[in-house]
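Chemist:
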Amino acid sequence: MKRFFMMAMLATIAFVANAKDDRVTFISGNNKAMTESGKTAIVEFDYTQTICEGKPLPEYLAERGEEHVRDWPALALSSKNKFCDKFNSKNKKGVQITDNADADLKITVAITKMHLGSVAGAVLMGGRTGGAEVCGTITVADNKTGETIAQYEIFEVRGGGSYNFTETKRMAATYEAVATMWAKEIK
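First residue of the sequence shown? That's 1 in the working numbering, and the numbers climb one at a time after it.
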């Protein structure tokens, strides 16, 4: 009986480890546009339609206190930078994200739903349990004409919660996970 149980556990672990992670998926357009070598892109994160833990983001931040409203731009920028760094490292042969306004492409990451995670989950359970979670879309457009080239869906991507005791670290880990999954999707 123990052997059967162990074999079943190993089979389950192998299945989960080999399962395709499709939480960032191609929706429409040219999925290979981001693989073109020598091209650059700028990126912007759009939080205008974000619902954070059941409330519009500005309302959520205001309820948490004025320090959260004050600190939000720095938190968002830090997370954006982690996203860009991770994407560039995973897509070395393709389009690279830059700060140059004359870039070939414009990437808009529209976050529609967000949960900033839990310190208790990060400490007590580890793994991805306490991590921040996001949903939304990624739109790739021609930076000069604005014409949409490709769209992707972000569905319940959660970053690692282990040792990420602050919202800043949990959100950054989630954006790194989004970048990694997106880079896999476009290859």
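All C-beta atoms, glycine included, are put in the ideal place defined by N, C-alpha and C.
Using three-state DSSP, classify R158 as helix, strand or coil.
Modeler: strand
Chemist: According to the neighbour-count rule (16 or more other Cβ atoms, all chains shown, within 10 Å of its Cβ), is I27 buried or exposed?
Modeler: exposed
Chemist: Figure out for me which residue from V109, G29 and V178 has the closest Cα to the Cα of T50.
Modeler: V109
Chemist: For S79, list the residues DSSP reports as bridge partners.
Modeler: The partner list for S79 (beta bridge, DSSP) is empty, contrary to what the question assumes.
Chemist: Please report the residue range of the beta strand (DSSP E) in which M114 lies.
Modeler: Unbroken beta strand (DSSP E) run through M114: L105 to H115.
Chemist: Please tell me whether V24 and M171 are closer than 9 Å, where the distance is taken between their beta carbons.
Modeler: no
Chemist: From G65 to K86, what does the alpha carbon distance come to, in whole angstroms?
Modeler: In this structure, the straight-line span from the alpha carbon of G65 to that of K86 is close to 31 Å.
Chemist: Can you pull the DSSP bridge partners for E133?
Modeler: DSSP output for E133 lists H115 and R158 as bridge partner(s).
Chemist: Distance check for C52 and A62, CA to CA, integer angstroms please.
Modeler: Spanning the two alpha carbons is a distance of roughly 12 Å.
Chemist: Taking only three categories from DSSP, how would you classify M180?
Modeler: Contrary to the premise, residue 180 reads as Thr rather than Met in this sequence. Note: T180 maps to helix in three-state DSSP.
Chemist: Please report the distance separating the alpha-carbon of K184 from that of L77.
Modeler: Looking at the two C-alpha atoms, the distance is approximately 24 Å.
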